[in-house]
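Protein chains in written order, with UniProt numbering: chain A, 1 to 240; chain B, 1 to 240; chain C, 1 to 240; chain D, 1 to 240; chain E, 1 to 240; chain F, 1 to 240. Even glycine gets a Cβ: it sits at the ideal position worked out from N, Cα and C. Keep in mind it's a predicted model, so treat the numbers as computed, not measured. Let me begin by presenting the structure, written as structure tokens, before commenting on it.
Protein chains: 6
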Amino acid sequence: MTTRPSGRAADQLRDVRFERHFTKHAAGSVLVSFGDTKVICTASVEERVPPWLRGQNTGWLTAEYGMLPGATGSRNGREAARGKQGGRTVEIQRLIGRSLRAVVDMNALGSRTVTIDCDVIQADGGTRTASITGGYIALVDAMDSLVKAGKLKTSPIHGQIAAVSVGIYNGMPVLDLDYAEDSQAETDMNVVMNEAGGFIEIQGTAEGHAFARSELDALLGHAEKGIGELVEAQRSAREG
Amino acid sequence: MTTRPSGRAADQLRDVRFERHFTKHAAGSVLVSFGDTKVICTASVEERVPPWLRGQNTGWLTAEYGMLPGATGSRNGREAARGKQGGRTVEIQRLIGRSLRAVVDMNALGSRTVTIDCDVIQADGGTRTASITGGYIALVDAMDSLVKAGKLKTSPIHGQIAAVSVGIYNGMPVLDLDYAEDSQAETDMNVVMNEAGGFIEIQGTAEGHAFARSELDALLGHAEKGIGELVEAQRSAREG
Amino acid sequence: MTTRPSGRAADQLRDVRFERHFTKHAAGSVLVSFGDTKVICTASVEERVPPWLRGQNTGWLTAEYGMLPGATGSRNGREAARGKQGGRTVEIQRLIGRSLRAVVDMNALGSRTVTIDCDVIQADGGTRTASITGGYIALVDAMDSLVKAGKLKTSPIHGQIAAVSVGIYNGMPVLDLDYAEDSQAETDMNVVMNEAGGFIEIQGTAEGHAFARSELDALLGHAEKGIGELVEAQRSAREG
Amino acid sequence: MTTRPSGRAADQLRDVRFERHFTKHAAGSVLVSFGDTKVICTASVEERVPPWLRGQNTGWLTAEYGMLPGATGSRNGREAARGKQGGRTVEIQRLIGRSLRAVVDMNALGSRTVTIDCDVIQADGGTRTASITGGYIALVDAMDSLVKAGKLKTSPIHGQIAAVSVGIYNGMPVLDLDYAEDSQAETDMNVVMNEAGGFIEIQGTAEGHAFARSELDALLGHAEKGIGELVEAQRSAREG
Amino acid sequence: MTTRPSGRAADQLRDVRFERHFTKHAAGSVLVSFGDTKVICTASVEERVPPWLRGQNTGWLTAEYGMLPGATGSRNGREAARGKQGGRTVEIQRLIGRSLRAVVDMNALGSRTVTIDCDVIQADGGTRTASITGGYIALVDAMDSLVKAGKLKTSPIHGQIAAVSVGIYNGMPVLDLDYAEDSQAETDMNVVMNEAGGFIEIQGTAEGHAFARSELDALLGHAEKGIGELVEAQRSAREG
Amino acid sequence: MTTRPSGRAADQLRDVRFERHFTKHAAGSVLVSFGDTKVICTASVEERVPPWLRGQNTGWLTAEYGMLPGATGSRNGREAARGKQGGRTVEIQRLIGRSLRAVVDMNALGSRTVTIDCDVIQADGGTRTASITGGYIALVDAMDSLVKAGKLKTSPIHGQIAAVSVGIYNGMPVLDLDYAEDSQAETDMNVVMNEAGGFIEIQGTAEGHAFARSELDALLGHAEKGIGELVEAQRSAREG
């Protein structure tokens, strides 16, 4: 029978931790860990909106993603030095932004832009799902700080989301792949869901051979379980 | 009861057409139409590989996507003039490339690079799925031309793929959204499958509210039906 | 005696065709063919002007030129992917813009910008002259659509232009060079004229040895004949 | 009767001066003045060729053009700071390079690249024609220095070229337009010729209305006269 | 009498801490804190050298500097998204690289490149001096790991360096300015010294009025004291 | 005993010359020579300020630096063609701008931007100090022209600055290094001072080994002497 490199059960998450108020300047700041994957997520609020929203009394949320050059096994070149963000980066930050926009009431936010910055300081697989899951906490903290500062009556957050990866490793559907699994996986899927089990985003790719509907169903089952636990972990972190 | 702007049934594709040998220089060249969405797909073969594959006697396939400035209702700025490809473009061309690589035996291709260029000349929703579906035909034609020219013994294509969009429009799961539907859809999903019904790629996004597992199942059902028909249409075009 | 690769007479144009309304979104849209050279020309109208014309109640016309990667014998890299337009592209689109501006009354156009996009889908020599000649039709159609829509009382077009290449091939002055001739020509000249035989633009280059005044005169004679026929072809297309 | 702002006769050049060996590092270095237009032209030689010429035992010549920010009436932004060369710059440096390549025997040059840099330090019309005319001197001086250094047996220069602008100002064909004329000209033409009166390049543009064949003939007559005088001035400078 | 916002004595450093092995992938990885300024410094080793050093059996060290968008009071835009590194970034990373190259024997390093990445996660003044001081520890740890791995016989580090800022705040020379002081300072100076009290780099700027030789002497005195303490702190961290 | 390649005494400047009104368009224009180093410095005035100063009735001064490709022994690539300014350029132009801002009363300047452009036409060491010293003259001339034109009542310049390099060459502290010395120097320092002997900027770098406090003192002594003479030379040029 197949075992996972980490010895985890097929449907077992890595240790998940949220270190809130990790830095002091941003309105929300969280160091999220999915095992050895560590991402600093900050939420910054600016009292202005992009040009296409001006004068509409509505807000915006956008996300940016980066990876420190030393975060990976062999150094990955700094995108600022290369003069452009790579395709993978663009894809990931668009996913983070779309996902988090799904739980923000933009009218209630008012003419403000929230920017979620997710900077990976140590990578071990699942950086985009850790970013979404941790970015959610940074976002909520930032919105609460606006309420506390009297700038908003109530928080414009109307739901809770978390994200996890699932995949087929050595023929076995597994939850929350680390790098050792991810680099070998036949199928890789990222799932974003809300606290009620609704889907926000599904992105699945057959790396090796095509996957069957039954495999898809197994993967979605793992994802539902994992996200249920992540939602709980977020709640604990928020109350702690 | 909801009706679609086009009057189509919920699980009905638009007219699909493939105009092979649309231009004369590229090894494969197809004008694909999904209704009013029209994309020129060309497959070009170069006798070299990217740096990271040199000396490994294996090939590569990559895809690029573009949209003519006049292809949309209001002119969309030329990316070459802006000096960079936008995030949407990057995301789409990565999807096209990943999908088509799934059916190419890179060792059999040898030290060659195939580039699939998909340029939208008229946009009406579903440009990325039309690109994949038409790009497949251009790819196969290009490989056949290599065989005919004696450069390859047999075609390195080991499967057939097609792609289609599905989504929830006015609460109703529908197949192959046109622009009028796409711009209003609550959920939008692109599905790439092979001729045996295996999944190559799934990308689903809740645009409005989260979608339920039952909705996901209905969408996948539509996608399976649509892709079955597209696979048939590709076969007819290839024989025609 | 020298013969042309195509068997044409020295002063004979290739088959010229204009397919109006080639795509549906742009205000003007023409597929122009000079033999195997095929260019999609669209004219888009935006209700704004560049910064330096604001508040002056006058309009502007600009042109952009591109070539699909698969349009040439060996794939030419996508400028959007390289992050900049090449020198040849810049030179061509400036020529197209200058030429077409010569027949537009900018005050009569009002505070609008017309963008002529010329995208070569198949190249066989003479892409810039085909672009100007076809772009003129797209421009006129776009202006007529503004009149029809009640946005303009009369069309701001006050003349008709067409363009053709002439050159010296194997010592013989010839009209409308195709790629086989162009790549061997000793002298290459592009001429833009109006319907009254006035010159709008002349760009001649000695590729091999310098050309004499008598050769220049012969080339201009060919150009005058060719443009006369192109002006007729434009008229037929407009009436068709 | 029309008079020129400078009081010159219609077919009169401005004072033309060549200050050879203007700077000490480049193989050829000339400060050329056409009246108040002053351009530093340097010719640098590198013992390598562009990738597409490697191993062919042939050389290359290329040109680059720039304008100091303070060279014009109102400061023109530095292209290095903007991060790209403008369309006008690209067009001009391509013209300079093409023109000078016409008199170099690339096989005789051997595996070397000559770069002609033309940097305008004071602009008053005609910067491109001054650049070609002065760049020729820098080029010849650089080739002579290679001969003197024993790197070449004989100079690979097999002809002499010069360039001048002609145009129609207030209805009158004039030679060598200064800025006051150039900014008002109805037609503007740049002509490059060799010492035998052969044409290397003609670029004429109708700025206002189209120009007639008779006007073109008058302009070419002025150009022939002017270039004859410039060729003489180059000879004197070379002997001085 | 003037007091510092933090209540520190004029010649008192902030709390300085080095958290070695902060991340697991890079050969050296340190989180350095100068009070509330926190920088992740990693040292990565690649078995290749820049083109200009190839075949010379010598190594190279370079540094890159960045700031997370959320590291400052108001969000500072991501340089990767803007497509270029700003002038301040370029200046700082050149300073870090020059300073650390001063203590590396490049021949002993062999054909390797060490990259020091300094990424500020929280900024409160003095980020460049913290980067140099912490980068030194990361560098030493990385070199020791090469020795441990048998790739080098001995460490190529032949000295120890640290850096500190000094400045004139409210007329008083002070050591190690925090942001509250830095933003008001009349003179700001960064000093890099080695463990023997030799100067590696001095960069002093009069922000308000020019500073006198006597003021410069006082600042250098503070710098010498501060760097003595930093060198001690580095030693303790290395032994810890 | 060590001698300098030029035969100069250790504390001897090169011949310094200022050619005012070198070009005619810019408000201030100076060709400054420090021996064989020649820089064109122009000061241009625009009646607008950068965005962050709008509506504050205060002005700005910025500087840009460039080097003609032919200014150095082997051609240095044009930054405009490479599409970005290099790190050295950025560092130098920031230094020039900071230094000159130190003597301008920005409120007295009013809502204007002065741009100092320093373009090296011949390089032989010390281009940045020549740029500052010559840029000062161009700046003063430009401000005087504003006064003469009635746009300012009095000049907003409230001090005089000059800059010089000092360094340790073959163990000997020397003043105003030329390229032969600079490329061999163990320590290189640029000093900017005002006419009263106050320091505006000090930037010293140990190129070989660290330098001692006594060496620093000797270098500063040379700098003070040299700047005293440069200040005199500026005065003579202004009166001449």
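Status (buried if at least 16 other CB within 10 Å, exposed otherwise) for residue i
i: residue 16(F); result: buried
i: residue 236(C); result: exposed
i: residue 124(B); result: buried
i: residue 38(A); result: buried
i: residue 56(A); result: exposed
i: residue 3(B); result: exposed
i: residue 217(E); result: exposed
i: residue 150(E); result: exposed
i: residue 21(C); result: exposed
i: residue 194(A); result: buried
i: residue 147(A); result: exposed
i: residue 162(B); result: buried
i: residue 129(A); result: buried
i: residue 154(A); result: exposed
i: residue 27(C); result: buried
Neighbourhood of residue i by C-beta, 6 Å cutoff - its chain only, sequence neighbours within 5 removed
i: residue 79(A); result: 85
i: residue 11(F); result: 175, 222, 225
i: residue 199(F); result: 193
i: residue 233(F); result: 16
i: residue 64(C); result: 93, 117
Cβ of residue i within 8 Å of any chain E Cβ
i: residue 182(A); result: no
i: residue 297(A); result: The structure shown does not extend to residue 297(A), since chain A is modelled only from 1 through 240, so no value can be given for it.
i: residue 40(A); result: yes
Residue i at chain F interface by Cβ criterion, 8 Å
i: residue 31(E); result: no
i: residue 216(E); result: yes
Neighbour flag for residue i against chain B, beta carbons, 8 Å
i: residue 44(C); result: yes
i: residue 81(C); result: yes
is_contact[residue i, chain C] using C-beta, thresh 8 Å
i: residue 194(D); result: yes
i: residue 25(B); result: yes
Neighbour flag for residue i against chain A, beta carbons, 8 Å
i: residue 37(E); result: no
Own chain partners of residue i with C-beta closer than 8 Å, once the 5 adjacent residues on each side are dropped
i: residue 223(D); result: 164, 166, 175, 189, 191, 193
i: residue 29(B); result: 20, 21, 22, 23, 40, 41, 42, 43, 138, 141
Short CB-CB distance (under 8 Å) between residue i and chain D
i: residue 117(F); result: yes
i: residue 157(F); result: no
Nonlocal neighbours in the same chain, by C-beta distance under 7 Å from residue i, ignoring five residues either side
i: residue 104(F); result: 61, 156, 157
i: residue 231(F); result: 160, 162, 195
i: residue 53(B); result: 60
- According to a CB-to-CB cut-off of less than 7 Å, which residues of the segment 122-155 of chain A neighbour chain B? none
Runs of alpha helix (DSSP H) lying entirely within the segment 107-162 of chain E, each at least 4 residues, in chain order = Counting whole runs of 4 or more residues, the segment 107-162 of chain E contains the alpha helix (DSSP H) stretches 127-148.
Contact list for the segment 83-103 of chain B against chain A, Cβ threshold 7 Å:
84, 87, 90, 91, 94, 98, 102
| query | In chain order, what residues of the segment 199-212 of chain F put their CB closer than 8 Å to some CB of chain E? | reply | 199, 200, 201, 202, 203, 204, 205, 206, 209, 210, 211, 212
Give me the subset of the segment 52-79 of chain A whose CB atoms are less than 8 Å from a CB atom of chain B, sorted by chain position. none
Unbroken stretches of the alpha helix (DSSP H), 4 residues or longer, contained in the UniProt domain "Exoribonuclease phosphorolytic" (160-223) of chain A: 179-182
(message) Give the list of continuous beta strand (DSSP E) stretches no shorter than 3 residues that lie fully inside the segment 5-37 of chain A.
(response) 16-20, 28-34
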